[in-house]
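Residue numbers (this note's numbering): 1055 to 1160.
In structure tokens form, the structure reads like this:
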């Protein structure tokens, strides 16, 4: 590939990945590309498993409990995660339209 095109493609994909909440990984060959894909699939699988746990824990709570300002901390403790990981799961559930009723959007 032409060196100029490499730089243009890299900038475009870097911008796209960052604007969609992802990260950019440069791969200069088939093996490197497969390593990037493998890492992405592993991370996504872990996130989906945690999202399922958060979803189930939310559904088991009453509407009042879902509206509690300490919900993230409570879920983090219950699921042995962090408030940050719970917030990420809530964001992903919201993006998929799967956030149960009563959960604060903030």
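The beta-carbon is built from N, C-alpha and C at its ideal position, and this holds for glycine as well. Every value quoted in this text rests on a predicted model; they were computed, and no experiment measured them.
Cβ-Cβ distance between residue i and residue j below 7 Å
i, j, result
"residue 1129", "residue 1111", "yes"
"residue 1121", "residue 1137", "no"
"residue 1133", "residue 1149", "no"
For residue j and residue i, the rounded distance between their alpha carbons
i, j, result
"residue 1068", "residue 1099", "23 Å"
"residue 1062", "residue 1118", "51 Å"
"residue 1094", "residue 1131", "27 Å"
"residue 1075", "residue 1082", "23 Å"
"residue 1142", "residue 1060", "33 Å"
"residue 1089", "residue 1153", "32 Å"
"residue 1064", "residue 1151", "32 Å"
"residue 1070", "residue 1077", "9 Å"
"residue 1102", "residue 1140", "12 Å"
Candidates the options: closest to residue i by CA position
i, options, result
"residue 1114", "1155, 1071, 1088, 1095", "1155"
"residue 1091", "1102, 1079, 1101", "1079"
"residue 1105", "1145, 1086, 1087, 1088", "1145"
"residue 1116", "1064, 1102, 1157", "1157"
Boundaries (first-last residue) of the alpha helix (DSSP H) holding residue i
i, result
"residue 1151", "Counting along the chain, residue 1151 falls outside any alpha helix (DSSP H), and DSSP gives it neither H nor E."
Closer than 7 Å to chain D by CB, residue i
i, result
"residue 1133", "Absent here is chain D; the protein component of the structure consists of one chain."
Self-check item: Every unbroken alpha helix (DSSP H) within the segment 1068-1131, with a cutoff of 4 residues, ordered by chain
Solution: Complete alpha helix (DSSP H) runs here, min 4: 1084-1113, 1117-1120.
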